[in-house]
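Residue numbers (our numbering), protein chains in the order written: chain A, 61 to 171; chain B, 45 to 160. Think of the CB as a built atom: it goes at the ideal place given N, C-alpha and C, for glycine as much as any other residue. Please read the structure below before turning to the comments.
See the structure below:
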């Protein structure tokens, strides 16, 4: 079992839809949780990061962490074609500095 | 803020030559930089962690003599692929961690290397 599991998709939604992206993890040592967006042939862009369980909101994006279930989510409201990209969850363990990535979910928002 | 640049963005070279890739944090200091490799439709694979003024720490299976890393200043790290072969062709991405933080790694745009 991989440390971080993420459904690679692809996920295709109509413009304006609410998108839900998820990752699960197996090691409770993970303490920091990030979501990155990667456009084709570009480097990942940090969207959000959280430390504790709960929700964090930034514009149309909401990151949710449930440490008891070892489950994190990213919600995108009012999705736009420009949101079409691969979304990577990433985590850091306590005492480490290394990012552990999920496989990434490819999202397409259709106009 | 928090911009990381990489140069070159794309390079094509002959087998056996060496290629140097630069990673710069443009508007912040980064005591730690990371080098990743990404294959098509795959996630990022950490190659090494680079700390300013000290030797890089390589991940298991990554040849340190082949992938030379230098982190000479708080804003610059370089990756040199020595004696490149076609199997080294890949997308190389660096990231820089904001000094004093743990979670904020900012990534460069990547360098696409093609070895003929």
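Cβ proximity to chain B below 8 Å picks out 148, 152, 157, 158, 159, 161, 162, 163 and 164 from the stretch 148-169 of chain A. Here DSSP, grouped into helix, strand and coil, assigns residue 118 (chain A) to strand.
For residue 151 (chain B), the neighbours in chain A by C-beta distance under 8 Å run, in chain order, 96, 103, 104, 105 and 106. Across the structure, residue 144 (chain B) and residue 116 (chain A) are spaced so that their CA atoms are roughly 22 Å apart. Distance between residue 159 (chain B) and residue 131 (chain B), taken at the CA atoms: about 8 Å. Looking at the backbone, the Cα of residue 148 (chain A) and that of residue 107 (chain A) are separated by about 10 Å. Residue 73 (chain B) counts as exposed, since fewer than 16 other beta carbons sit within 10 angstroms of its beta carbon.
Closest by C-alpha distance to residue 153 (chain B), out of A:104, A:80 and A:169, is A:104. The beta strand (DSSP E) runs of length 3 or more contained entirely in the stretch 70-102 of chain B are, from start to end of the chain, 76-82 and 88-95. In the structure shown, residue 130 (chain B) adopts helical secondary structure according to DSSP, grouped into three states. At a C-beta separation below 7 Å, residue 133 (chain B) has no neighbours in chain A, since its nearest C-beta there lies roughly 14 Å away.
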